[in-house]
Amino acid sequence: MAIKDLPREECYIPGSAACPGCPATMAMRTVFKAIGKNMVMIVPACCTAVIESLHPNTSFDIPTMNIAFEAAAAGASGVEAGLRKQGKTDTTVVAWAGDGGTYDIGIQALSGALERQTNFIYICYNNEIYSNTGIQRSGATPYAAWTTTTVGGKTEFRKEMGEIIMSHHIPYAAQTCVSYPEDLYNKVKKAKSIKGSKYIEIMAPCPPGWRFGMERTVEMGTMAVETGAWALYEYENEVVTFNGKSKLILEGKIKRKPIEDWIKYQGRFRHLFIPKKDVEKIKAIENHIDQKWERYRKCYL
Amino acid sequence: MKKYKISTTISYPVKGAMGRTGNWRVFKPILDKEKCVKCLRCWIYCPEATIIRNNDDTVDIDFEYCKGCGICANVCKVKAIIMEREGKKK
Ligand SMILES: Cc1ncc(C[n+]2csc(CCOP(=O)(O)OP(=O)(O)O)c2C)c(N)n1
Ligand code: SF4
Ligand code: SF4
Ligand code: SF4
Ligand SMILES: [Mg+2]
């Protein structure tokens with residue numbers, strides 16, 4: 356699958372409320388290409404609910420339902436049941452939520468939907484913060500990152516949502532990233548073809564939230580993968596397969612890049628470099644990533 | 382099946398739901414068609430869907446809504462797109 360093979364059809368319409376350089380709209384365009392128009396999207400409170408733009412207009416050319424912050428998966432369960440009752444089983448139901456709505460406040464509804472094997476795709480675009488409300492920390496915010504609620508840098512490490520999802524033993528789950536549109540497209544396409552609960556998480560570097568130049572969204576995603584801060588993988592029928600550069604890192608065929616190559620371009624980590632380099636904290640980040648990959652190797656190699 | 386009356390707010394899809402977002406631009410992407418190798422990277426990565434993919438896979442830019450983020454210029458491997466300050470005298 357090359358870029359030129361991706362469908363021309365667009366269900367995202369230009370002129371929305373998204374910031375310039377937004378990873379959410381970037382990812383959404385490819386997701387819409389993979390699923391096509393026969394879908395219903397459920398969006399809780401998050402940037403995307405704003406990106407839709409203002410009543411009576413919307414920038415999304417597909418049926419979209421907005422719902423409370425904690426309720427994406429519950430709302431999707433209801434929509435799926437309603438469509439099933441009407442015999443519209445060929446319509447794909449997609450819950451599209453942020454990391455706050457997934458890792459934190461929406462985890463209960465999500466876990467319930469996965470346990471009931473609701474036939475839908477849950478997509479989390481992970482910008483590692485509550486960006487819509489002004490950059491607060493979430494369970495997905497990495498250690499040492501500045502947010503407006505962690506002014507000296509976050510003191511905890513982020514949760515491994517992928518492993519929480521896998522413990523529900525759903526038929527399909529995957530991690531991908533905005534910088535790899537073919538990978539994203541293939542994963543969404545595959546999820547669409549499988550019955551039952553599917554979960555896809557997209558790494559989504561956010562320029563205003565992470566404090567980097569708006570032209571660097573793609574680079575920030577690529578570096579998240581190449582430094583091993585983020586991993587591309589698929590979980591299918593209980594088997595985990597790593598993809599792309601992440602596969603090479605897992606197999607030891609390439610070394611992951613130093614984390615500095617990623618964080619030094621992000622203002623949210625500026626306090627680790629200015630006025631003086633915080634060698635200890637940078638080392639702590641590196642160690643945490645190494646431990647994660649050790650665990651990945653033990654479990655999935 | 383029992384039918385219920387539903388009343389809710391519904392929005393309809395339109396181009397420029399937030400107005401002419403091209404006005405947000407500080408820098409403008411300038412495309413050199415001679416250099417373009419039709420790789421379509423700018424098309425797939427543009428967050429605003431304002432890189433227009435033509436039938437022959439050449440590209441054009443929709444300046445009415447392009448927000449000037451500069452991603453297209455950044456992902457173009459042959460430097461067929463450069464960013465120029467808006468209103469710069471030629
Ligand atoms: C119950 C409840 N608490 C708080 C809010 C305010 N709120 C709206 S969106 C949001 C953050 C969303 O963060 P995330 O899910 O990561 O999406 P993002 O904004 O980053 O796209 C918050 C706190 C709310 N709408 N409802
Ligand atoms: S804050 Fe980030 S995720 Fe939200 S609209 Fe802006 S760029 Fe997109
Ligand atoms: S500058 Fe940004 S919004 Fe404008 S065409 Fe390029 S990528 Fe799209
Ligand atoms: S990225 Fe550059 S070479 Fe590729 S299609 Fe766009 S302008 Fe042409
Ligand atoms: Mg978020």
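Heads up: the sequence lines are chains A and B, in that order.
Every number in the working numbering is 355 more than the matching position in the first sequence, counting from 1.
Every number in the working numbering is 381 more than the matching position in the second sequence, counting from 1.
The beta carbon of each residue, even a glycine, is placed where N, CA and C say it ideally should be.
query: Cutoff 9 Å: S392/B Cβ touching any chain A Cβ; result: yes
query: CB contact check: T431/B to chain A, cutoff 9 Å; result: yes
query: Identity of the residue in L412/B, G468/B, T439/B nearest A461/B by Cα; result: L412/B
query: Min CB distance I463/B to chain A below 9 Å; result: no
query: Cβ neighbours of V395/A in the same chain (closer than 8 Å, five flanking residues each side left out); result: I417, P418, T419, M420, V434, L438, T446, T447, V448, V449
query: Members of the stretch 411 to 432 of chain A that neighbour chain B once the beta carbon cut-off is set at 8 Å; result: P411, N412, T413, S414, F415, D416
query: CB contact check: D413/B to chain A, cutoff 9 Å; result: no
query: DSSP-derived helix/strand/coil call for G453/A; result: strand
query: Closer than 9 Å to chain A by CB, T439/B; result: no
query: Delimiting residues of the alpha helix (DSSP H) encompassing L605/A; result: 599 to 605
query: Nonlocal neighbours in the same chain, by C-beta distance under 6 Å from G564/A, ignoring five residues either side; result: N482, I484, S486, I490
query: Candidates C450/B, G403/B, N435/B: closest to Y426/B by CA position; result: C450/B
query: Counted within 10 angstroms of its Cβ, other Cβ atoms place N474/A as buried (16 or more) or exposed; result: buried
query: Closer than 8 Å: C447/B CB and nearest ligand 4 heavy atom; result: no
query: Where P378/A sits in the DSSP three-state scheme; result: helix
query: Beta strand (DSSP E) runs contained entirely in the stretch 410 to 437 of chain A, provided each spans 3 or more residues; result: 419 to 422
query: Any 3 or more C-beta pairs closer than 8 Å across the stretch 546 to 562 of chain A and the stretch 523 to 534 of chain A; result: yes
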